[in-house]
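In our numbering, the protein residues as written are 247 to 515.
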C-alpha cells in the first residue's frame with residue numbers, strides 16, 4: 247500500500263509540477279485519476295482501513311526514529327561531560343575509551359540520518375534531503391550551483407509492460423552508474439531521487455560545457471548498453487537530461503520548471 251500511495255503521489259506531483267497554481271481540487275482530481283491507474287478506489291472502505299493502518303505504521307516508525315535520536319543525544323551529553331572531566335583530570339585512559347564511544351555514536355547518528363534522508367531503493371538522497379538540507383526554508387538555493395535533472399522516461403512503460411522489479415532495477419543501475427562516473431570526474435556532487443523516475447544532481451558551480459560533455463558521454467555509453475533480466479527481458483538504461491546554472495536565492499521550483507521544459511523540448515525534436 248505504501249509503495250502504491252508513493253507512486254500515485256509522485257505521478258500527481260509530476261503532472262502538476264509546471265502549474266503556477268495548484269488548487270486542492272486540482273490535486274485531488276489528479277490524485278484520483280492516478281489512483282485508478284493502480285486500481286485503488288479512494289472511496290472504498292478497505293482502502294480507508296489500509297490507509298489508517300499505514301498512517302499508524304508511519305507514526306510508529308517516526309516515533310522509533312525520534313526515540314533512537316533522543317537516546318543517542320542523551321548519550322552524547324553524558325560522553326561530553328565525561329570527556330570534560332577526563333580532560334580536567336588528565337585521564338588519558340578514560341579519554342581513549344571515550345574516543346571509541348564517540349566513534350560508535352557517530353555511526354549511530356549516521357544510521358539515523360540515512361534512514362531519514364536516503365532513498366530506500368537507490369540509496370541516493372531522497373526528496374526530504376533536497377528540501378531540508380540542500381535548499382533554504384523558502385525553497386531557494388543556498389549557493390550558486392549547477393543542477394541536472396535526469397528523467398528515466400521508459401520507467402513507467404517497463405513497469406507496465408514487464409514488472410516493477412525490472413523497472414526498479416533500471417533505476418538502481420542508472421543511479422549507481424551516475425554516482426561512479428561523476429566520482430571518476432572528481433566532481434563535488436550529490437544525487438537525490440526527486441520523483442519516482444527523476445533524479446536531481448546538484449553540483450558546486452561548474453563549467454557548463456564540461457558538465458554537458460560529461461552527461462552526453464554517460465548518456466551515449468548507457469544508450470549502447472543492454473541489460474538482461476533473469477527472465478530474459480532486454481532493456482536499455484537510457485535517460486533524458488537537462489542542465490542549468492542557478493544562483494544563490496533563486497527559486498528551486500522555477501529552475502525545475504526550466505529543466506522539465508528543456509527535456510520536453512528535446513523529446514519533441
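Using N, Cα and C, we set each Cβ at its ideal position, and we do this for glycine too.
What you are looking at is a predicted structure, and each value in this text was computed from that prediction instead of being measured.
Cβ distance (whole Å) where residue i is taken to contact residue j below 8 Å
i	j	result
residue 505	residue 416	Rounded, the Cβ-Cβ distance is 21 Å, inconsistent with contact.
residue 457	residue 489	5 Å
residue 368	residue 452	Contact doesn't hold; Cβ gap of about 23 Å is too wide.
residue 380	residue 459	Going by Cβ atoms, the distance from residue 380 to residue 459 rounds to 25 Å, so no, they are not a contact pair.
residue 481	residue 404	6 Å
Status (buried if at least 16 other CB within 10 Å, exposed otherwise) for residue i
i	result
residue 430	exposed
residue 442	buried
residue 514	exposed
residue 444	buried
residue 454	exposed
residue 461	buried
residue 432	exposed
residue 500	exposed
residue 398	buried
residue 467	exposed
residue 479	exposed
residue 253	buried
residue 472	exposed
residue 258	buried
residue 338	exposed
Run of the beta strand (DSSP E) containing residue i, from where it starts to where it stops
i	result
residue 398	From DSSP, residue 398 is part of no beta strand (DSSP E); its letter is neither H nor E.
residue 487	486-492
Nonlocal neighbours in the same chain, by C-beta distance under 6 Å from residue i, ignoring five residues either side
i	result
residue 385	498
residue 450	434
residue 475	412
residue 347	325
residue 418	368
residue 365	372 and 439
residue 382	388
residue 335	none
First and last residue of the uninterrupted alpha helix (DSSP H) at residue i
i	result
residue 466	454-469
residue 508	498-514
Chain-order list of residues whose beta-carbon lies under 7 Å from that of residue i (same chain, five-residue window excluded)
i	result
residue 440	373, 376 and 446
residue 494	387, 388, 389 and 390
residue 400	484
residue 486	397, 399, 509, 512 and 513
residue 427	464
residue 408	479
residue 469	482 and 484
residue 414	367
Other residues of its chain near residue i: CB distance less than 8 Å, five sequence neighbours each side excluded
i	result
residue 255	277
residue 353	none
residue 425	370 and 437
residue 406	none
- Counting only runs that start and end within the stretch 414-449, where is the beta strand (DSSP E) found for 3 or more residues in a row? 435-441
- Task: Any chance you could list the alpha helix (DSSP H) runs of at least 4 consecutive residues sitting entirely within the stretch 330-384, in chain order?
- Result: Segments of the alpha helix (DSSP H) lying fully in the stretch 330-384: 338-363.
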